[in-house]
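If you want our numbering, it's the 1-based position in the sequence shown plus 2.
Each residue gets a CB set at the ideal place from its N, CA and C atoms; glycine is no exception.
First comes the structure, then the notes that go with it.
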Amino acid sequence: MKDAESLSPSVVRLNIGGKKFCTTTDTLTQREPDSMLAAMFSGRHTLCLDSDKGYVFVDRDGKHFRHILNWLRDGVVPTLEDSEYNELLREAEYYQLLGLIDGINTVLNKRKEDDDLHTELTRTDIIKCIQSDKVRFRGVNLSGLDLSKLDLSFVDFSYACLKNVFFSRANLQCAKFRDVDAEASIFHNATLRECEFTGANLRGALLAGACLQSANLQDACLVDCSFCGADLRSAHLQNADLTNANLEGAVLEGANLKGAKLNNANLRGANLQRAYLRHVNLRETHLEGAKLDGANLLGAIR
3 MKDAESLSPS
13 VVRLNIGGKK
23 FCTTTDTLTQ
33 REPDSMLAAM
43 FSGRHTLCLD
53 SDKGYVFVDR
63 DGKHFRHILN
73 WLRDGVVPTL
83 EDSEYNELLR
93 EAEYYQLLGL
103 IDGINTVLNK
113 RKEDDDLHTE
123 LTRTDIIKCI
133 QSDKVRFRGV
143 NLSGLDLSKL
153 DLSFVDFSYA
163 CLKNVFFSRA
173 NLQCAKFRDV
183 DAEASIFHNA
193 TLRECEFTGA
203 NLRGALLAGA
213 CLQSANLQDA
223 CLVDCSFCGA
233 DLRSAHLQNA
243 DLTNANLEGA
253 VLEGANLKGA
263 KLNNANLRGA
273 NLQRAYLRHV
283 NLRETHLEGA
293 KLDGANLLGA
303 IR
């Protein structure tokens, strides 16, 4: 009497480099219809079977083939070490499994992003450090930390990675942020008087309500930043990139904006009295309701 498997024409036996597997034609053809495996078992090709119970032989290392079968069955990328992912990626490329290739690359990219965001210090570590004089975190990765409401005045963060750090309501007076990567960080209502942000990347940062009096933001990337209601009196913004920045209601009295990029910047209702805007291109800047009394607009493009 024949067993149930021999009665089903959809059952496929595979010998992958000496490792034997049993699956179905549906598994091999449905999830990745453009793959080499789908083409092999589409019925359009004659397959060579070995003498050992009709196994189809494929001359590849069978170490990761179970992961390939599970992907074809469930569509789930397995959890592996990075070195194993690289091995599985080679097999996926050989079998032309485009969905699995994309899935592996997504996992690897996510791991890289997580590693980049892994901080070297905790909030508690920071609190212990700031009790000392001349605190420096130069070049340290502090991404994602909550440093809100702390007294971080005069701290040197130069060259540090500060992505997504929460500085809300912190005292950062005279702190140094030279060439930091502080993309998407939160400085809401923080005290940043006389801070140095020269060459810093603050793309997408939130500085609404912050006090930035006499702060140095020369050559900083301030694209997509929010400075709503911020105090930027006498701030140095020479050559800063304020493209798409929101400065609605901000106080820029006496600020130096020489060479600043203000493409699509929102300066509605901003106080620009006595600001230096000489030769600045204001053609695509929103200035409705802005105060420009005493501003230096000689050669400004309007």
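Same chain only: Cβ atoms within 8 Å of residue i, ignoring 5 sequence neighbours per side
i, result
"residue 20", "64"
"residue 164", "144, 145, 179, 182, 183, 184 and 187"
"residue 317", "Any property of residue 317 remains undetermined from this structure, which presents the chain solely from 3 to 304."
"residue 44", "31"
"residue 38", "96, 97 and 98"
"residue 262", "239, 240, 241, 242, 243, 244 and 282"
"residue 5", "Confidence is the limiting factor: at residue 5 the pLDDT is only 43, short of 50, which leaves the residue's position unreliable, though a coordinate-based value still follows. So no residue of the chain qualifies."
"residue 147", "121, 123, 124, 125, 128, 167 and 168"
"residue 285", "303 and 304"
"residue 84", "110 and 113"
"residue 101", "33, 34, 73 and 77"
"residue 103", "91, 94 and 95"
"residue 288", "266, 267, 268, 269 and 270"
"residue 1", "The structure shown does not extend to residue 1, since the chain is modelled only from 3 to 304, so the question has no answer here."
Range of the contiguous beta strand (DSSP E) that encloses residue i
i, result
"residue 136", "Neither: residue 136 is in no beta strand (DSSP E) and is coded neither H nor E."
Strand pairing of residue i, partner residues [DSSP]
i, result
"residue 13", "26"
"residue 176", "Answer is none; residue 176 lacks a bridge partner."
"residue 193", "173 and 213"
"residue 18", "21 and 60"
"residue 303", "283"
"residue 298", "278"
"residue 293", "273"
"residue 188", "168 and 208"
"residue 143", "163"
"residue 148", "168"
Contacts around residue i, its chain only, beta-carbon distance under 7 Å, and the 5 residues preceding and following it disregarded
i, result
"residue 249", "229, 267, 268, 269 and 272"
"residue 155", "173, 174, 175, 176 and 177"
"residue 291", "270 and 271"
"residue 49", "42 and 58"
"residue 90", "66, 69, 82 and 106"
"residue 150", "168, 169, 170, 171 and 172"
"residue 75", "29"
"residue 236", "215, 216, 256 and 257"
"residue 259", "239, 277, 278, 279 and 282"
"residue 191", "170, 171, 211 and 212"
"residue 253", "233, 234, 235 and 273"
"residue 297", "274, 275, 276, 277 and 279"
"residue 26", "12, 13 and 14"
Own chain residues within Cβ distance below 6 Å of residue i, not counting five before or after
i, result
"residue 196", "176 and 216"
"residue 137", "131 and 157"
"residue 93", "66"
"residue 9", "Only weak support exists for where residue 9 lies, its pLDDT of 39 falling under 50; the coordinates are left without a value."
"residue 294", "274"
"residue 218", "198, 200 and 238"
"residue 105", "79"
"residue 247", "224, 227 and 267"
"residue 18", "60, 62, 64 and 67"
Proximity test, Cβ basis, 7 Å: residue i and chain D
i, result
"residue 32", "In the structure shown, chain D cannot be found, because there is only a single protein chain."
Subject >> Those runs of the alpha helix (DSSP H) which lie wholly inside the segment 195 to 278 and span at least 4 residues >> reply: none
Original post:
Does the count of Cβ pairs from the segment 200 to 214 and the segment 223 to 235 closer than 8 Å reach three?
Top reply: The segment 200 to 214 vs the segment 223 to 235: in contact.
Subject >> Those runs of the beta strand (DSSP E) which lie wholly inside the segment 30 to 97 and span at least 3 residues >> reply: 58 to 60
Original post:
Is the number of C-beta pairs between the segment 68 to 77 and the segment 107 to 114 that are closer than 8 Å three or more?
Top reply: no
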